[in-house]
Amino acid sequence: APDIPVIDQAYSKLSNSITVEWRAVPGATNYILTAQDGDSFVETIVKNSPGTVMGLKPATLYRITIRSINSGGKSQPSPFRKVKTVLAAPILSVHSPSCDSIAVSWKAVHMAAGFSVSLVRSDGLGRMLKENTTNTSLIFTNLDPGTLYTIKAYAWNANGMPGDDFVYNQRTSPNAPVDVKVAFNSGALRAVVSWMPAEGALTYSVTVSRGLLKLRCNTSSASCIVPSLQCGSEYYVSVTAYNDAGPSKPTDAVSLKTIPCAPVNISIEEDEPGHLLVSWSGVSFGHYYVVFVKSDDGLEVHCNTSYTQCHFQSDCGFTYFISVFAYNKAGQSPLGDVFNYTTAPCCPSDFRAMFMTSDTVRVTWAPVRGADLYETRAAGGSGVVLCKDTATACTLSALQCNTPYNITVYSVSEARGSNTSCPPQYVATAPCSPEIKYISKEGLSVIGVQWQSNNEEATYVVTARGEAGLWHCTSTGNSCTLMDLPCGSAFSVSALARSPAGQSLPSYSVPLETAPCCPNDLILTQVTQSVTNISWSVGMGAQTYVTTLESPKGQAKCHTLQNYCLLGCITCGTNYTVSLRAISETGLTSSCTYQGYSSSACCPSGVKLYRLSNNGIRVFWRASDETINYNADLRGSKGNFSCTPSSGLSHCDITEIPCGDVYTVVVAPVTDKRPKLTFCPKKIYS
C-alpha cells in the first residue's frame with residue numbers, strides 16, 4: 001500500500017463542497033477524500049490534488065481525511081482537518097413592480113448573519129448597485145425601464161465569510177408607450193392605434209373601452225387595428241406595453257369619437273308647392289348634417305346645416321332621391337335609407353280651348369312632366385262635366401250654350417295623385433242658336449227677318465243663301481233687314497249668333513222666294529194688220545207670263561208658258577199700253593210695264609192700176625187717213641220699182657217699166673222707223 005498523504009489545506013468555496021489540497025504520494029494511483037459529519041460521511045475518489053468532496057450540507061463542520069490507493073491497497077487515513085462549508089446561497093424571488101424598480105426577496109439562510117445583493121445592467125452599461133442587509137428583501141429603484149439586469153446575492157456568516165452566489169436576470173417592466181395616436185377609418189368603422197415603441201417592450205395591448213364594453217388588440221408591433229367599432233360612440237383608448245417583467249402602466253386614455261350614425265326618422269314634406277322640407281332626428285356626436293337631394297334628371301344639390309331640417313327648392317313632376325348624412329371630426333356617417341319623393345305633376349300649360357259646336361269644346365294642352373293621367377273638369381251651368389284621359393286633349397260635350405264655365409285640367413300621377421293647385425281657365429260657351437219667327441217682305445228686294453233672342457252680348461248674322469249668292473244682315477237686337485235681294489231667286493234664310501266666345505250653330509232654315517224678274521227685252525212685231533207678235537227675254541224665276549195690249553178701243557191679252565205670244569184683234573193705227581206680268585211657280589207675280597206700242601197705219605183700200613203711155617203705170621188707192629203717206633211698190637222679175645206721192649195725194653205714177661213682165665203691186669203706209677209693211681193686199685199687174 002502507498003504512504004499516507006498529508007493535507008496541505010482544506011477549504012469550502014461552495015456550500016455543498018470542500019476542496020482539499022495535498023502533496024502527491026509516490027506510487028499512489030488514486031486518493032479517497034472523506035468528509036465526516038458525526039455518523040455520516042461522504043467519500044470521493046480523485047486522481048490527484050486538489051480534489052473536491054461534493055454533496056455536502058451548507059454551513060456544516062466536517063472532518064476531512066485523505067487516503068492514497070494503488071494496486072497494493074489503501075493507506076491509512078491522513079490526519080483530519082476540520083472544515084466548515086460556506087453558507088447556502090439565498091433563493092431569490094425577483095420582480096419588477098414598476099418600470100424603474102426591481103424588488104428582490106428571499107428566505108432566511110441558515111447561519112447567515114447578513115446578505116449582499118448586487119445589481120448591474122446585463123449589457124455592462126452603467127454602474128453596479130450593491131446593498132448589504134440583514135433583511136430578506138430590498139428594492140432597487142431609479143432603474144432604466146425595460147432593461148435587463150443581472151442580480152447576484154449571497155449570504156455571509158458571523159465571520160463575514162460569504163456563501164454561495166445566486167445569480168438572477170431580471171428585466172424591468174417597460175415604460176408606458178408615448179405619442180399614442182388614433183386614426184379612425186370611417187368607412188370600415190375601425191381604428192388604427194399607433195405609438196412610439198417602448199424600450200424593452202415585447203408586446204403591446206390596446207384596450208378600447210366604452211362603458212362595460214372592452215375591445216382588445218394585442219400586437220408585437222407599434223400599431224394595432226381595432227375593428228368593429230360602433231357609430232355614434234365615444235371610446236377611450238389606452239396602450240399597455242408588456243415584457244417578461246410584466247405590463248407597463250397603461251397610457252392616459254385617448255378619447256375616440258366615432259362617426260355619427262345615419263340620421264333616422266327622416267320625413268319629407270312639401271310644405272308649399274315648390275318647397276321641400278326634409279327633417280330628421282338628431283344623432284349623437286353629429287356636429288353638422290349634409291342633405292343630398294338628387295333629381296331624376298341627374299342634377300344634385302345639397303344643404304349643410306347644424307339643425308335637423310333643410311329646405312329645398314323643388315320642381316313639379318320630379319322624383320327626388322334624398323339621403324341625409326351626419327358629420328363630425330371622425331368623418332361621415334354610414335349611408336342610411338335613401339328616400340324618394342315625387343312632387344306633384346306640373347299643371348298643364350299652353351291651354352287652348354276650341355269650340356267644335358256651341359255645346360262641345362275641345363281642350364288641348366302641352367304635356368307636362370310627371371303626369372300619368374289628365375283630368376279635365378268643366379264647372380258651370382247646372383253641373384260639372386268630367387273627362388279623364390292619358391292624352392293631352394279632351395272633348396267636353398253636352399255643355400250648355402251661352403254659359404260661362406271654369407275649365408281646369410288637373411295632372412295626375414300614380415305616385416303623388418292629382419295636382420290640385422292648377423288654376424282654372426274661364427271659358428264661355430258659344431251663344432245659343434236663334435230661332436227665326438217671322439219673315440216679311442218690306443219692299444222690292446227688301447226682306448225683314450225677326451227671331452227670338454236668348455243670348456247676351458251677341459251679334460246676330462242672318463244669311464240668305466241661294467244660287468244667286470249670299471246676302472247678309474247683322475243686328476244686336478232681334479231683327480234685321482236683307483237688302484237688294486235679286487228677283488226670281490230662291491233662298492234659304494238662317495240666323496246665327498256670334499259673341500267673343502264663339503259662334504252658335506245656325507238656326508233652322510226658312511225658305512224664301514223673291515218675285516220673278518221682269519224680262520229685260522220685250523219686242524212687238526206686227527204680223528198682220530190685226531195680229532201682233534210679242535216676244536220677250538226670259539224673266540228669272542218666272543214660269544208663266546201674262547201680256548196685255550190695252551187701248552181705248554179694246555184690250556188684247558195672252559197667258560203663256562212661252563216667252564212669246566200672238567195677240568189678235570189689234571186695231572191698226574192705234575196706240576196701246578204694253579204690260580206683262582211674270583208669275584213664279586208658287587204664284588208670286590211681278591208686274592212689268594214697258595214703252596207704249598202703236599200699231600201700224602191701216603192699209604189703203606180700193607187699189608187700182610192704170611196704164612200710162614211711155615211704159616208707165618198709175619196706182620190709185622183710197623186712204624184710211626188723209627194724214628198718212630203711202631208708198632207703192634212694184635216688183636217684177638225684171639226689176640223693182642216704187643213711188644211715193646206728195647202729201648195728201650192718193651195716187652202716184654211709175655214710169656219706164658219694162659214691158660212683158662208680171663208685177664206685184666203693194667200699197668202700204670210709210671213708216672219712219674219700222675220696216676215696210678208686207679201684209680197689205682197685193683195686186684197683180686201684167
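Heads up, the final residue of the sequence shown is numbered 686 in UniProt numbering, and it's a clean run with no missing numbers. Beta carbons are placed, not taken as given, at the ideal position from N, Cα and C, and that holds for glycine.
- Judged by their CB atoms, Ala-495 and Ile-436 are nearer to each other than the 9 angstroms cut-off.
- Taking Thr-141 as the centre and dropping the five residues before and after it, the same chain places the C-beta of Asp-100 and Ser-101 closer than 7 angstroms to its C-beta, in chain order.
- DSSP links Arg-216 through a beta bridge to Thr-207.
- Put simply, the backbone Cα of Gln-562 is about 17 angstroms away from that of Leu-549.
- Lys-57 and Asn-16 have their C-alpha atoms some 5 angstroms from each other.
- Here the alpha carbons of Arg-622 and Ser-613 stand approximately 23 angstroms from one another.
- For the beta strand (DSSP E) assignment, the uninterrupted runs of no fewer than 3 residues enclosed by the UniProt domain "Fibronectin type-III" (89–175) are, from N- to C-terminal side, 92–98, 101–106, 114–121, 129–133, 137–140, 148–156 and 162–171.
- In the structure shown, Met-354 adopts extended strand secondary structure according to DSSP, grouped into three states.
- About 17 angstroms separates the beta carbons of Glu-467 and Leu-588, which is beyond the 8 angstroms limit, so they are not a contact pair.
- Counting along the chain, Thr-586 sits inside no beta strand (DSSP E), nor does DSSP assign it H or E at all.
- By the C-beta criterion, the stretch 306–315 is judged not to be in contact with the stretch 232–250, since fewer than 3 inter-stretch pairs fall below 8 angstroms.
- Secondary-structure assignment with DSSP links Glu-21 through a beta bridge to Gln-9.
- Non-local beta-carbon contacts of Val-538 in its own chain, meaning distances under 8 angstroms to residues more than five positions away in sequence, involve Pro-519 and Asn-563 in chain order.
- Shortest Cα-Cα distance from Tyr-610 to any of Lys-638, Ile-684, Gln-76 and Asp-625 involves Ile-684.
- In the DSSP assignment, the residues bridged to His-275 are Glu-272 and Gln-313.
- When C-beta atoms of the stretch 653–663 are compared with those of the stretch 633–642, three or more pairs fall below 8 angstroms, so the two segments count as touching.
- Cys-487 sits away from Ser-551, with the two beta carbons spaced by 9 angstroms or more.
- As computed with DSSP, Ser-445 is found in no beta bridge at all.
- Contact between the stretch 394–408 and the stretch 318–338 is absent: fewer than three C-beta pairs spanning the two stretches fall below 8 angstroms.
- Distance between Val-665 and Leu-485, taken at the CA atoms: about 56 angstroms.
- The three-state reading of DSSP puts Arg-369 in coil, since its state is none of H, G, I, E or B.
- Pro-50 has its alpha-carbon roughly 27 angstroms from the corresponding atom of Met-111.
- With contacts defined by Cβ atoms closer than 9 angstroms, Pro-434 and Asn-454 form a contacting pair.
- The three-state secondary structure of Met-54, taken from DSSP, is strand.
- Within the same chain, Tyr-288 and Tyr-289 come within 7 angstroms of Thr-305 by CB-CB distance, once the 5 residues on both sides are set aside.
- Around the C-beta of Asn-159, fewer than 16 other C-beta atoms lie within 10 Å, and the residue is accordingly described as exposed.
- By DSSP's assignment, Arg-622 forms a beta bridge with Ser-605.
- Following the DSSP letters along the chain, one finds Asp-179 inside the beta strand (DSSP E) bounded by residues 178–185.
- Boundaries of the beta strand (DSSP E) around Gly-466: 459–466.
- Shown here, Phe-641 sits in a strand according to DSSP, grouped into three states.
- Contact check for Ile-64 and Ile-45: beta-carbon distance about 15 angstroms, past the 8 angstroms limit, so the pair fails to qualify.
- Tyr-307 sits in coil when the DSSP states are folded into three classes, being neither helix nor strand.
- Taking C-beta separations shorter than 7 angstroms and ignoring five residues to either side along the sequence, Ser-40 has no partners in its chain.
- Excluding its 5 nearest sequence neighbours in each direction, Pro-97 has C-beta neighbours in its own chain below 7 angstroms: Ala-103, listed in chain order.
- Segment contact: the stretch 217–228 against the stretch 248–255, fewer than three CB-CB distances shorter than 8 angstroms; contact not assigned.
- Judged by DSSP secondary structure, Asp-633 falls within the beta strand (DSSP E) whose first and last residues are 630–636.
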